[in-house]
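**Q** In the numbering used here, the protein residues as written are 2 to 333. For each residue, glycine too, the CB sits at the ideal point set by N, CA and C.
(1) In the DSSP assignment, what are the bridge partners of residue 244?
(2) Just to confirm, is the Cβ distance from residue 38 to residue 14 under 8 Å?
(3) Just confirm the distance between the C-beta atoms of residue 86 and residue 135, as a whole number of angstroms; I'd bet it's less than 8 Å.
(4) By alpha-carbon positions, which one of 79, 88 and 144 ends up nearest to residue 95?
(5) Would you report the Cα separation of residue 156 and residue 301, rounded to the nearest angstrom?
(6) Tell me, please, which residues DSSP counts as bridged to residue 68.
(7) Could you give the distance in angstroms between the alpha-carbon of residue 220 and the alpha-carbon of residue 257?
(8) So what does residue 7 bridge to, in DSSP terms?
(9) Take residue 142 as the anchor and find which of 124, 154, 150 and 158 has the nearest alpha-carbon.
(10) Any contact between the region 100 to 111 and the region 146 to 156? By contact I mean 3 or more CB pairs, one from each, below 8 Å.
(11) According to the Cβ coordinates, are residue 238 and residue 251 closer than 8 Å?
(12) Relative to the C-alpha of residue 19, which candidate in 138, 212, 303 and 84 has its C-alpha closest?
(13) In chain order, which continuous runs of the alpha helix (DSSP H) of length 4 or greater are located wholly inside the region 107 to 153?
(14) Buried or exposed for residue 330, going by 16 or more other Cβ atoms inside 10 Å?
(15) Helix, strand or coil: which one does DSSP assign to residue 76?
(16) What three-state label does DSSP hand residue 15 in the structure shown?
(17) Does DSSP put residue 224 in a helix, a strand or coil?
(18) How many angstroms separate the CA atom of residue 110 from the CA atom of residue 133?
(19) Distance check for residue 5 and residue 193, CA to CA, integer angstroms please.
(20) Taking the straight line between their C-alpha atoms, what separation do you get for residue 1 and residue 279?
(21) List the endpoints of the continuous alpha helix (DSSP H) containing residue 94.
(22) When the Cα atoms are used, what is the spatial distance from residue 332 to residue 281?
(23) Run through the region 175 to 223 for me and flag every whole alpha helix (DSSP H) of 4 or more residues, listed as ranges in chain order.
(24) What does residue 102 pair with, by DSSP beta-bridge criteria?
(25) Using only the alpha-carbon positions, how far apart do residue 176 and residue 235 sit?
(26) Report all residues from its chain with a CB closer than 6 Å to the CB of residue 314; omit the five preceding and five following residues, and keep chain order.
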C-alpha cells in the first residue's frame with residue numbers, strides 16, 4: 002500500500018467514513034468497506050506473488066550453495082560454505098569455488114580464476130602463503146588453506162555490499178511515481194473544478210457533492226496497476242528461476258527488458274568466461290595454406306594437460322572430432 006496511487010485510495014476511504022457524515026445521512030460505510038477490501042486484495046495478491054518469486058529464487062540459491070571439504074575434529078567432511086568460520090582448514094582442488102578468503106598452506110601452486118572479482122579471464126598463479134578470495138575458482142592444483150574471512154567480511158562480500166548500498170531509484174519506480182503524480186494532479190484539478198461547479202454554481206447538497214467527489218477519486222485512480230505490474234514481474238522472476246537465473250530485485254526484470262545496448266567486460270557474470278577463436282578472423286600469410294590447416298597446426302601445437310585456457314581454445318576450434326582426438330593425443 003506504499004505508493005502514491007494507494008495513498009489516494011486511502012484518502013478516499015477516509016473521506017467516505019469522515020467527511021461523508023452529514024446531510025442527515027450516516028457515514029458511507031459501503032464505499033469505505035469496498036475501498037478497504039480492494040486495497041487488501043491488491044496488496045495480498047502482490048505479497049503472495051512476490052513471496053512465491055522470492056521462495057523460488059531462495060530455493061535456487063540454496064541448491065547452488067557451494068560446499069567445501071573442511072577439517073573438523075581431525076576428520077575431513079563436506080560442509081556447506083555458509084558454516085565456515087575463520088581458522089577452519091579447508092581443501093581446495095580443481096573445479097572448486099573458493100568458499101572464503103583464505104591463506105594457502107604448504108603445497109603446490111594453484112591456478113585460480115578470479116574473473117568474477119577482477120574481470121581478468123586468464124587464471125593467476127597463487128603460491129603457498131598467498132591469499133585467495135571467495136568466489137574465485139580453482140583451475141589447477143590441490144592445496145589446503147586456512148580461512149581468514151567469511152561472508153560479508155570477504156573481499157567479494159564487501160564488493161557486493163557496496164553494490165547493494167546504492168540508493169539509486171530504478172526506472173520502474175520512476176515511472177510509477179510519475180504516473181501517480183499525474184493522476185493526483187489531475188484529480189486535484191478535477192475536484193477543485195467540481196467543488197466550484199457543485200456548490201457555488203449548482204448549490205447542491207453537501208452529501209451529494211461528497212458522493213460525487215468520491216466517484217472522481219475512485220474512478221480516476223488505476224488502483225490495480227501496481228498489483229498487475231508486481232504480479233507480472235513476479236511471474237517473470239519465477240520463470241527465470243526455473244531457467245537457473247536468480248532475480249534479486251524484481252524491478253531489474255523491467256530494467257533489463259528496456260535496455261538497448263549492454264556493455265559488459267568478460268567477468269563471467271553475464272558471459273561464459275570462456276576464450277574462443279573466430280575462424281573468420283584467422284589471417285594466413287603463407288602461400289598454399291588455408292585457415293583450416295593453420296588451425297589444425299595450432300591445435301596440434303597446444304597442450305591441454307596443463308589446462309591452459311588459450312591452448313584449450315585452440316583445440317576447440319577443430320570442427321572434425323577425429324582431428325580433435327588426434328590433437329589431444331599429440332598434446333598428451
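**A** Well, looking at it:
(1) Partner(s): none; residue 244 has no beta bridge.
(2) no
(3) The pair is not a contact, with the Cβ atoms about 14 Å apart (cut-off 8 Å).
(4) 144
(5) 40 Å
(6) 81
(7) 33 Å
(8) In the DSSP output, where bridge partners are listed per residue, residue 7 has none listed.
(9) 124
(10) yes
(11) yes
(12) 212
(13) 116 to 119
(14) In this predicted model, residue 330 has a pLDDT of only 49, less than 50, meaning its place in the structure is not dependable; the value taken from the coordinates is given anyway. Exposed: under 16 other Cβ atoms inside 10 Å.
(15) strand
(16) helix
(17) coil
(18) 12 Å
(19) 19 Å
(20) Residue 1 lies beyond the stretch modelled for the chain, which goes from 2 to 333, so this question has no answer here.
(21) Where residue 94 is concerned, there is no enclosing alpha helix (DSSP H), although the beta strand (DSSP E) it sits in stretches over 90 to 94.
(22) Caution is warranted here: a pLDDT of 49 is assigned to residue 332, below 50, making its placement in the model unreliable, and the coordinate value is therefore given only provisionally. Rounded to the nearest angstrom, the two C-alpha atoms are 25 Å apart.
(23) 207 to 220
(24) 150
(25) 18 Å
(26) 276, 277 and 278
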